[in-house]
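Heads up: the sequence shown at position 17 corresponds to 16 in numbering that gives the first Met the number 0, and the numbers run straight through without jumps.
The next block holds one structure in the form of structure tokens; read it before the comments.
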Amino acid sequence: MKKSLIAAALALSAAACSPGAGSEWQKSYGKTFYEPNEGMAALYIIRDEPGSDPSPIGIVKDQYPVGSLASLNWMRLDLPPSLYDLRAYGTQGSTELIVTVNAGQSRFFVAEPKPPGNAQLREISQVAGRELVRKGQAVASNP
């Protein structure tokens with residue numbers, strides 16, 4: 000009886016160490032979603048389906064353009080911990096968002112049009128952000 004219990008315990012621990020095993024948290028994020036680089040934060044800026052306003056939205060970080068999003072696509076910025084000034088530019092105006100990032104963080108923002116001719120960045124949850132990133136295509140990344 001003892002031997003069969005020991006064998007069962009060894010089999011269970013081997014199964015727990017197999018590559019397919021993991022916590023529910025790890026399973027929900029999938030195998031191909033990359034964590035931030037060491038000492039950095041990953042900032043994802045995503046454009047969802049453009050709907051009736053397909054005009055591109057320009058993204059600027061600290062007065063420097065980092066890219067433009069026009070359809071279901073995204074960009075990733077790997078940033079050291081600090082305070083950042085992000086802007087989303089529409090055809091006629093821009094909206095500012097000040098964010099502070101910490102090492103090890105992954106944060107997700109949606110770039111969306113805001114009438115008339117403006118654009119904005121809005122933070123979304125990890126779950127919603129990862130889902131949109133998986134649906135879209137990368138247009139820029141600086142890992």
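Every residue, glycine too, gets a C-beta built ideally from N, C-alpha and C.
- Classified as buried, G128 has 16 or more neighbouring CB atoms from the shown chains inside 10 Å of its CB.
- Scanning L96, E34, G38 for the CA closest to the CA of F108 turns up L96.
- In the DSSP assignment, A69 falls outside any alpha helix (DSSP H) and carries neither an H nor an E.
- By the CB criterion at 8 angstroms, Y88 and V100 fall outside the cutoff.
- Note that the C-beta distance between Q119 and T90 is not below 8 angstroms.
- Apart from the 5 residues on each side of it in sequence, D52 sits with its Cβ closer than 7 angstroms to the Cβ of P112 in its chain, given in chain order.
- Pairing R133 with D77, the inter-Cα distance amounts to about 18 angstroms.
- Our two residues, D47 and G116, have alpha carbons roughly 17 angstroms apart in a direct line.
- Spatial neighbours of V65 in its own chain (CB-CB distance under 6 angstroms, excluding positions within 5 residues in sequence) are listed in chain order as I58.
- Around the C-beta of G50, fewer than 16 other C-beta atoms lie within 10 Å, and the residue is accordingly described as exposed.
- Judged by DSSP in its simplified three-state form, E111 adopts strand.
- Look at the segment 81 to 128 and you find these whole runs of beta strand (DSSP E), each 3 residues long or longer: 81 to 88, 93 to 100, 105 to 113, 117 to 123.
- Within 10 angstroms of the beta-carbon of A102 lie fewer than 16 other beta-carbons, which makes it exposed.
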